[in-house]
Ligand SMILES: NC(=O)c1ccc[n+]([C@@H]2O[C@H](COP(=O)([O-])OP(=O)(O)OC[C@H]3O[C@@H](n4cnc5c(N)ncnc54)[C@H](OP(=O)(O)O)[C@@H]3O)[C@@H](O)[C@H]2O)c1
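In the working numbering, the protein residues as written are 33 to 410.
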């Protein structure tokens, strides 16, 4: 375990090839488990901070197993000072060469104080631990700290007085603001901002059916048929492997990423793209997007209202925003543009969900038919 920064703050941090010890919060999460897998595969030791769920399951369903020199599981709670670690685990944690902060509450629609406690206070406690040893920190934020806005959101922008889309986004903005302040006070920091994290680039496979997935389920089943949204609103969908690759690179090549904010973004899907692709699937309902100014939840049929309130409305801001994320710094760092179009990526996600039964029974096989864009379907 090397920790040169603890003995001499002027010494450089471990370089690319040096085996490192990385304290990873949120290691049991969707992104965290993929980051843990990449770091251990590259020969680094991961101190995997787990909370309620002690299992590290990769997006492909494989379980990561603990080993003495590769993956060490420690239990903690970031809402508590010192991350709620036992004395032994705390002694271990402060020897880390890097801290990666992935832990957060990510579900929408929870009580406001939950986001405040975990996402804001939790980040404060992680910063205190990192600052104690001046340990370089990779903080995982969200591209949607940009709030409710249209146009191009840039990596070096943060608080422009924007209105956040929901309490989750607000808490991530507050957390990132704390991180920037710690950086200004001398903590070496890199921020990675994923957009909406979705299934694997090649297969569409996804471990956790959260964020946009329940919305897709409600809409394709016709449980809500009219939705407020602009046809040119953009959902940025980023495959989980791209996010984990970028976070991992930020850890292992910290010297190239230090001081930067990197947008981990992927496929820009407009609501028009979404409607057109859903219409290719005979078993799916296609929602009607209406201008938000012309929408009234009260006017929805009674049976649709609970689904709108509990699922779709949580995503309203995403259906309004005509925002695109500039990724100049991330691309200069090596985050390649997403390899295929947004429509074909959405088909991959939908095909995977159909194959698992999440979006209804899988369609019966039929000969591949040409699509308008020349690709074939199933
Ligand atoms: N998923 C997305 O679409 C998305 C998009 C943009 C940014 N992000 C950001 O990316 C990061 C990772 O997201 P994710 O999708 O991997 O989230 P996730 O699957 O919900 O995982 C979050 C992790 O945080 C842990 N956690 C929650 N409360 C904790 C506490 N009090 N103490 C310690 N750990 C705690 C959870 O552990 P338990 O489950 O055991 O409580 C879980 O392992 C988050 O910072 C998120 O804000 C995610």
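Cβ coordinates follow ideal geometry from the N, Cα and C atoms, glycine included.
query: Beta-carbon separation (whole angstroms), residue 214 vs residue 163, contact threshold 8 angstroms; result: 6 angstroms
query: Inter-stretch contact (C-beta, 8 angstroms, three-pair minimum) for the segment 280-290 and the segment 368-386; result: no
query: Burial state of residue 393 (16 or more Cβ within 10 Å); result: exposed
query: Alpha helix (DSSP H) segments (min. 4 residues) lying fully within the segment 59-117; result: 62-73
query: Range of the contiguous beta strand (DSSP E) that encloses residue 230; result: 228-230
query: Local conformation of residue 183 per DSSP, three classes; result: strand
query: Which listed residue (254, 179, 149 and 228) has its alpha carbon closest to that of residue 273; result: 228
query: Neighbourhood of residue 51 by C-beta distance below 8 angstroms, restricted to the same chain and skipping five residues each side; result: 34, 75, 76 and 77
query: Residue 307 versus residue 131 - alpha carbon distance; result: 41 angstroms
query: Every unbroken alpha helix (DSSP H) inside the segment 311-385 [4 residues or more]; result: 337-342, 348-352 and 360-365
query: Inter-stretch contact (C-beta, 8 angstroms, three-pair minimum) for the segment 252-272 and the segment 197-214; result: no
query: Endpoints, alpha helix (DSSP H) assigned at residue 158; result: 154-165
query: Reference residue 127; option with closest CA among 195, 391, 150 and 54; result: 54
query: Inside the segment 261-314 only - beta strand (DSSP E) runs reaching at least 3 residues; result: 266-271, 293-296 and 299-302
query: Own chain, CB closer than 6 angstroms to residue 362, minus 5 neighbours either side, in chain order; result: 294 and 295
query: Cβ neighbours of residue 112 in the same chain (closer than 8 angstroms, five flanking residues each side left out); result: 157
query: Residue 192 - DSSP class collapsed to helix/strand/coil; result: coil
query: Any non-hydrogen atom of ligand 1 closer than 6 angstroms to residue 109 Cβ; result: yes
query: heavy atom of ligand 1 below 6 angstroms from residue 84 C-beta; result: yes
query: Cβ separation of residue 391 and residue 249, assumed to be a contact under 8 angstroms, to the nearest whole Å; result: 6 angstroms
query: Among 133, 338 and 70, the one whose alpha carbon lies nearest that of residue 152; result: 133
query: Local conformation of residue 237 per DSSP, three classes; result: coil
query: Nearest residue (CA-CA) to residue 138, options 58, 281 and 159; result: 58
query: Near ligand 1: residue 226 beta-carbon under 6 angstroms from a heavy atom; result: yes
query: Simplified DSSP assignment, three categories, for residue 205; result: helix
query: Sequence-distant residues of its chain with Cβ nearer than 7 angstroms to residue 154 (five each side left out); result: 110, 111 and 135
query: Buried versus exposed call for residue 349 [16 or more other C-beta atoms within 10 Å across all chains shown]; result: buried
query: contact_flag[the segment 255-266, the segment 337-356] where n(CB pairs < 8 angstroms) is 3 or more; result: yes
query: Beta-carbon separation (whole angstroms), residue 266 vs residue 355, contact threshold 8 angstroms; result: 6 angstroms
query: For residue 121 and residue 301, the rounded distance between their alpha carbons; result: 43 angstroms
query: beta-carbon residue 373 near ligand 1 non-hydrogen atom, thresh 6 angstroms; result: no
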